[in-house]
Each structure stands twice: as C-alpha cells, then as structure tokens.
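Chemist:
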Amino acid sequence: MDIEVALKLAIELIVTQTGRPLNDLAIAILRGALQGKTFCEIAELYCCDESHAKRVSSNLCKYLSTALGVEIGKKNLRSALEQHLRFEGHTFEPISVQDQVAKSFALPEKIAPVRNWVGRTQELQTLKSQILNPNTRAITITAVCLVGLAGIGKTTLASKLVRELQVNNAPFVAAAWESLRSITGKPPRFDSIIDSLLFSLSCGSISATDIILDDYFQKTARLVQQLKNQPCLIVLDNVETVLTAKLAHKAGYFACEYAEYAWLFQQLAEIEHQSKVIFTSRETLAQLPRGQTHTLQLGGLNLEDAIALLQSFALTTTPEEFATLAQRYEGHPKALELVTAVIHEDFQGEVGRFLQDRKWLLIRDLESLIDEVINRLSQEEYACLGQVSVYQTSEYPLTSSAIASQMPDVSKRHLKENIILALKRRQLLDYDSQGDFYQMHPLVQEKASYLLDIESYRTAHRKAITTSFS
Numbered sequence: 001m002d003i004e005v006a007l008k009l010a011i012e013l014i015v016t017q018t019g020r021p022l023n024d025l026a027i028a029i030l031r032g033a034l035q036g037k038t039f040c041e042i043a044e045l046y047c048c049d050e051s052h053a054k055r056v057s058s059n060l061c062k063y064l065s066t067a068l069g070v071e072i073g074k075k076n077l078r079s080a081l082e083q084h085l086r087f088e089g090h091t092f093e094p095i096s097v098q099d100q101v102a103k104s105f106a107l108p109e110k111i112a113p114v115r116n117w118v119g120r121t122q123e124l125q126t127l128k129s130q131i132l133n134p135n136t137r138a139i140t141i142t143a144v145c146l147v148g149l150a151g152i153g154k155t156t157l158a159s160k161l162v163r164e165l166q167v168n169n170a171p172f173v174a175a176a177w178e179s180l181r182s183i184t185g186k187p188p189r190f191d192s193i194i195d196s197l198l199f200s201l202s203c204g205s206i207s208a209t210d211i212i213l214d215d216y217f218q219k220t221a222r223l224v225q226q227l228k229n230q231p232c233l234i235v236l237d238n239v240e241t242v243l244t245a246k247l248a249h250k251a252g253y254f255a256c257e258y259a260e261y262a263w264l265f266q267q268l269a270e271i272e273h274q275s276k277v278i279f280t281s282r283e284t285l286a287q288l289p290r291g292q293t294h295t296l297q298l299g300g301l302n303l304e305d306a307i308a309l310l311q312s313f314a315l316t317t318t319p320e321e322f323a324t325l326a327q328r329y330e331g332h333p334k335a336l337e338l339v340t341a342v343i344h345e346d347f348q349g350e351v352g353r354f355l356q357d358r359k360w361l362l363i364r365d366l367e368s369l370i371d372e373v374i375n376r377l378s379q380e381e382y383a384c385l386g387q388v389s390v391y392q393t394s395e396y397p398l399t400s401s402a403i404a405s406q407m408p409d410v411s412k413r414h415l416k417e418n419i420i421l422a423l424k425r426r427q428l429l430d431y432d433s434q435g436d437f438y439q440m441h442p443l444v445q446e447k448a449s450y451l452l453d454i455e456s457y458r459t460a461h462r463k464a465i466t467t468s469f470s
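The working numbering applies: residue 1 is where the sequence shown begins, and numbers increase by one.
#1: For residue 403 and residue 458, what's the separation of their Cα atoms in angstroms?
#2: Check for me: the alpha helix (DSSP H) holding residue 57 runs from which residue to which?
#3: Specify, as a first and last residue, the run of the beta strand (DSSP E) that residue 232 falls within.
#4: Please check the pair residue 179 and residue 238, which I expect to be a contact at CB under 8 Å, by giving their CB distance rounded to whole angstroms.
#5: Pick out whichever of 222, 282, 305 has its Cα sitting closest to the Cα of residue 264.
#6: Using a Cβ-Cβ cutoff of less than 6 Å, which residues in the same chain neighbour residue 413 once the five nearest sequence positions on both sides are dropped?
#7: Near residue 124, which residues of its chain fall below 8 Å by C-beta distance, leaving aside the five closest residues on each side in sequence?
#8: Could you name the residues that DSSP lists as bridge partners for residue 174?
#9: Start and end of the beta strand (DSSP E) containing residue 430?
#10: Under three-state DSSP, which class holds residue 159?
#11: Spatial neighbours of residue 94 within its chain, please: C-beta separation below 8 Å, excluding the five flanking residues on both sides.
#12: Is any heavy atom of the ligand ATP found at a distance shorter than 8 Å from the C-beta of residue 180?
#13: I think residue 446 touches residue 362, with their Cβ atoms under 8 Å apart; what is that distance to the nearest whole Å?
#14: Flag this pair as touching only if the segment 366-381 and the segment 416-433 have three or more C-beta atom pairs under 8 Å; answer yes or no.
#15: Rounded to whole angstroms, how far is the Cβ of residue 176 from the Cβ of residue 234, which I believe are closer than 8 Å?
#16: Run the CB neighbour count on residue 150, radius 10 Å, all protein chains shown included, and call it buried at 16 or more, exposed below.
#17: Report the three-state DSSP secondary structure of residue 201 (helix, strand or coil).
#18: Can you list, in chain order, the residues of its chain whose CB lies under 6 Å from that of residue 467, leaving out five sequence neighbours each side?
#19: Spatial neighbours of residue 453 within its chain, please: CB distance less than 7 Å, with the 5 preceding and 5 following residues excluded, ordered by chain position.
#20: Going along the chain, which residues of its own chain have a beta-carbon closer than 6 Å to the beta-carbon of residue 478, five neighbours each way excluded?
#21: Going residue by residue through the segment 256-306, where are the continuous beta strand (DSSP E) segments of at least 3 residues, counting only ones entirely within it?
#22: Classify residue 330 as helix, strand or coil using the three-state DSSP reduction.
#23: Tell me the residue span of the beta strand (DSSP E) that contains residue 437.
#24: If you draw a straight line from the C-alpha of residue 281 to the C-alpha of residue 296, how long is it?
#25: Use the C-beta contact count for residue 121: other C-beta atoms within 10 angstroms, 16 or more gives buried, fewer gives exposed.
#26: Name, in chain order, the residues that DSSP records as bridge partners for residue 350.
#27: Grouping DSSP H, G and I as helix and E and B as strand, with all else coil, what is residue 341?
#28: What are the partner residues of residue 143, as DSSP defines its beta bridges?
#29: Taking Cβ to Cβ, would you say residue 350 is nearer than 9 Å to residue 317?
#30: Could you check the C-alpha separation between residue 385 and residue 152 for me, to the nearest Å?
#31: Looking at C-alpha atoms only, which residue of 51, 422, 72 is the closest neighbour of residue 209?
#32: Assuming residue 397 and residue 437 are in contact, meaning their beta carbons sit under 8 Å apart, how far apart are those beta carbons, in whole angstroms?
#33: Whose CA, out of 376, 229, 305, 347, lies closest to the CA of residue 422?
#34: Which value, in whole angstroms, describes the spacing of the CA atoms of residue 212 and residue 433?
#35: Could you check what DSSP says for residue 254 in three-state terms: helix, strand or coil?
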C-alpha cells in the first residue's frame, strides 16, 4: 500500500473526527509512523521533543481508533488503514503533503466568539487588504491595531477577521489568540502569555523544558524567530491593560511595570518577519512604529447596520423608533445589546415605551463599562472631561479655545500636548479636522457630565456660552 494513500486516508479520518486541519507536526508524525520510524527518529527529523511526539501520536491514534472501530497504535496503523481500504473500497490518488493539509490554519483555541454579527464590511475589507496585500505599501505592515471605545466591537471584529481569513485560505500555518484582560483588571503574567504563544505557534516543537531557563529577551527572540520561519497570525486582545493609567503625559505609553510586554510588542512590530499581529485596545498604542503598524479607529455601526442588529432582538417597534434608538447610541453595538435587554425586561419589548421613559442613556451596566475607562484618567484629564461635557456641537462647538476657557490655570502647551492628547488616545475625545472641533460619544458625554456637581456644571455652562459668543 502506498504510504501517501495511507497518509491521506488517515488525515481524512482524523479531520472528520475533529473538524480541524492537522498541523505540519501531526502530519509528520503520521508519515513517520507509516514509514516505520521510531519516535526518536521522528523527533530528530522534525526538531521536536520525543515525549511530545509520543503524546501527539497517542491522540492521533485515539481519533483513528474511534473512526475505524479498532484499537490503533503505531505498530498496527498501516495494516489497519490497508484493511479499511479493502473493505470500504476507497481509492485515493497519491498527493503531496501540501495538498494533504487542509488549506487553512486551525482556529485558535482561545478565540473570542462572534455573536449577532452585522455590517463592518468596509472595515473587514480594509483589514484583509492590510494583512494579505502588505506589499502595496513602501513599508511592509507587520501589525494592525484595532482601537476604539469600550464595547465598540474591536474583539468581535478581530474574531470575525480571523475566521474569514481561515475560510478564505489565508497563507498562515498557525494562529494564536491571547487576551491580556483578567478579572483583576491587570494583564496576565508575561511568561504565561508568551509561553502559550510559543507552544501554539511552534506546533509543539517548543516545550516547557526548552524555555525553562529563558528570560523574556530570549523568549521574545524565540517567538520572533518562529514568526520568521513560517507565516503565523497572532491576536493580542485588550492590550490597554499594559498601558499607563493615571498619567496624562504617559497616555498610550507602556507602563513601567510591564517592560516585558513593551519589549515583546515593539519586537513584533519592528522586526521584519512573514507573520501578522493584530492588537485590540481601548487606547492608542503610541510607542509602536507607525510605518510598520496600521491603526484602525473603530466607530459605531452605521444606521442601517445598527437597525439590522436591533431587528435581531425581537423587539416591538416601528422603523422610526428603531432609527431613533440606533441614533441615540450612535450605533454602539454593546450599548444596543444591553439596552435591548432592559427593553425586554422592563418594557415588554416595546421600544417606544423605553424611549419615552428613559431620557438618559447610561443604564447601570453601560455606566459600569464607561467607568472602566474613566477610572484610568489622571485628575487633570478627569477635570477637563467633566467641564467640556457641557458643550453640544449643535449649539456651540468644542474647539481648542473652548477647552482652554474651561482650564484657565493650565498652560496652552500642557493642555494640548498632554491633557487633550491623552483624552484622544483614550478614545474619549475625537477631533473633527474638517470642522476644527472636538466631540465626544454620547455615552462618554453623559458620564462626563455626572463628574460635575451642580454648581460646577453651571459654571462650565456659563463659560461655554461666553466663549461661543465672544
């Protein structure tokens, strides 16, 4: 029996069981077993740990045992496949290893789910173009950053992108997903993240014993080398946790206590390799090289897509009420999802009743989400955000001079270079270059207004009127 035919049958049976493509190491172990090689020979040939090769082989044999209905081991693998071919009458043409492998990479085990997906067509096209056609630029892009307000859909977009790249047979051999968000609000230990990346992307050829004595420089170097050796896809989610909080002049900069992450991110973005890295963050990553890094600032869903999202929640309403609700939250997907739950629970699914009853935007769960961002502000950012919340673009625009009028004790340079820049990097202020004014998302503006007591609000409002008509 031709080994290539047996190999193809084994791969087909295992993929049918698992629903996932096999990586190069698994195929190499199957081939070696069919050729009668020892685990020691297989490990040496494919640069992996012998014990790991045995574990992978054991798992593969379990899948084959289930598929064939007999106990499969390394010794009887070939004979069992031959017998199956004779009884089942399968015929296969010998093919190359490249053809035997499923065309795309396996989805990362930790990838975030995609629920209630609508729209984002343009964003997906832009990201695919940046990732799959990097040579259209003078400098090759190594990293893509998805940046936006909390709950705007960065993680979901990244997950959808990875899934579409897999379906479209993107040229990656392995993918990994790691979230830097934890229940404590602090990132996981650096070693746990980079070790997981090394194990996942090396397809098992790097084991814990290989890196037990490595420091973060050496582990980072190993990972970068892996990205040079073969095209991989990495997603690092919620990376704002390693950025500096409470200091306006350091907004967007890596926190001193997370120097290992800073080194890793900079190496991933700066060093040339054949892989791609996707970051998601609530804050701009100011220290990554702009030439090799593409940043996509994510806004809310457009009106049509926001309405489509609302329609999926089985609400009782009119098209006009759908549009009003979508516009009220500026297409913020998480806000629409949370508000819909309240509409069902308290208003029997009737949007009109909700719109009449709730003149405010921040239901409790939404306010908690925005609080996570507000709690990272310095005192100066906090004060500035509260005082400029009185500005309504429709009445009087929030210009640089308007902000300055609210902060008379702060120098113009410090205001622009630190406070305003920090609020922009934290996605709390957005600059409209055409209108030459700043604006806030309605959720942020409402929360910011709560930061002021009544007298402070009145004072800020008087200053706004004076500035607008002076």
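Quick reminder that beta carbons are idealized off the backbone N, C-alpha and C, glycines included.
Modeler: Working from what's here:
#1: The count along the sequence shown starts at 1 and reaches residue 403 at position 403. The count along the sequence shown starts at 1 and reaches residue 458 at position 458. Looking at the two C-alpha atoms, the distance is approximately 16 Å.
#2: Numbered from its first residue, the sequence shown carries residue 57 at position 57. Where residue 57 is concerned, the enclosing alpha helix (DSSP H) stretches over 50-68.
#3: By 1-based counting over the sequence shown, the position of residue 232 is 232. Looking at the DSSP string, the run of the beta strand (DSSP E) that includes residue 232 is 232-237.
#4: Taking the first residue of the sequence shown as 1, we reach residue 179 at position 179. Taking the first residue of the sequence shown as 1, we reach residue 238 at position 238. Confirmed, Cβ separation roughly 5 Å.
#5: For this step, residue 264 is matched to residue 264 along the sequence shown. Minimum Cα distance to residue 264 is reached at 222.
#6: Position 413 of the sequence shown holds residue 413. Nothing meets the Cβ criterion.
#7: By one-based count along the sequence shown, residue 124 stands at place 124. If we look at residue 124 and ignore the five residues flanking it on each side, its Cβ neighbours are 157, 160, 161, 164.
#8: Mapped onto the sequence shown, residue 174 falls at position 174. In DSSP, residue 174 forms a bridge with 232.
#9: By 1-based counting over the sequence shown, the position of residue 430 is 430. 430-432 is the extent of the beta strand (DSSP E) around residue 430.
#10: Here residue 159 corresponds to residue number 159 of the sequence shown, with the count starting at 1. If DSSP states are grouped into helix, strand and coil, residue 159 belongs with the helices.
#11: In the sequence shown, counting from the first residue as 1, residue 94 sits at position 94. For residue 94, the pLDDT reaches just 41, beneath the cut-off of 50, and the residue's location in the model is therefore unreliable, although a value from the coordinates is still provided. 2, 4, 5, 8, listed in sequence order.
#12: Within the structure as shown, the ligand ATP is missing, as the structure has no ligands at all.
#13: On the sequence shown, residue 446 is found 446 positions in, with the first residue counted as 1. On the sequence shown, residue 362 is found 362 positions in, with the first residue counted as 1. The pair is a contact, with the Cβ atoms about 5 Å apart (cut-off 8 Å).
#14: yes
#15: One-based indexing of the sequence shown puts residue 176 at position 176. One-based indexing of the sequence shown puts residue 234 at position 234. That pair is a contact at about 5 Å.
#16: The residue labelled residue 150 in the question sits at position 150 within the sequence shown. Per the 10 Å Cβ criterion, buried.
#17: Numbered from its first residue, the sequence shown carries residue 201 at position 201. Here residue 201 sits in helix by DSSP.
#18: Along the sequence shown, read from residue 1 onward, the residue named residue 467 stands at position 467. Cβ within range, chain order: 402, 405.
#19: Residue 453 sits at position 453 when you count from the first residue of the sequence shown. Contacts found: none.
#20: What the structure shows of the chain is the stretch from 1 to 470, and residue 478 is not part of that stretch, so it cannot be assessed.
#21: 276-281, 293-297
#22: Mapped onto the sequence shown, residue 330 falls at position 330. Looking at residue 330 - three-state DSSP - the assignment turns out to be coil, as it is neither helix nor strand.
#23: Here the question's residue 437 lines up with position 437 in the sequence shown. It spans 437-439 - the beta strand (DSSP E) in which residue 437 sits, taken as one unbroken run.
#24: Residue numbering aside, residue 281 sits at position 281 when the sequence shown is read from its first letter. Residue numbering aside, residue 296 sits at position 296 when the sequence shown is read from its first letter. Cα-Cα distance, rounded: 11 Å.
#25: On the sequence shown, position 121 is the one that residue 121 refers to. Label assigned to residue 121: exposed.
#26: Within the sequence shown, residue 350 is the residue found at index 350, counting from 1. Looking at the DSSP assignment, residue 350 forms a beta bridge with 316.
#27: As a first step, residue 341 must be located in the sequence shown, where it is residue number 341. Residue state, collapsed to three classes: helix.
#28: Position 143 of the sequence shown holds residue 143. According to DSSP, which records beta bridges pairwise, residue 143 is partnered with 277, 293.
#29: For the purposes of this step, residue 350 is identified with residue 350 of the sequence shown, where counting begins at 1. For the purposes of this step, residue 317 is identified with residue 317 of the sequence shown, where counting begins at 1. Contact flag set, yes.
#30: Within the sequence shown, the letter at position 385 stands for residue 385. Within the sequence shown, the letter at position 152 stands for residue 152. C-alpha separation (whole angstroms): 20 Å.
#31: In the sequence shown, residue 209 corresponds to position 209, counting from 1. Answer by Cα proximity: 51.
#32: In the sequence shown, the residue the question calls residue 397 occupies position 397. In the sequence shown, the residue the question calls residue 437 occupies position 437. Contact flag correct, Cβ pair sits at about 4 Å.
#33: Position 422 of the sequence shown holds residue 422. Comparing Cα-Cα distances from residue 422 to each of 376, 229, 305, 347, the minimum goes to 376.
#34: The residue labelled residue 212 in the question sits at position 212 within the sequence shown. The residue labelled residue 433 in the question sits at position 433 within the sequence shown. Rounded to whole angstroms, residue 212 to residue 433 spans 51 Å at the Cα level.
#35: Taking the first residue of the sequence shown as 1, we reach residue 254 at position 254. Strand.
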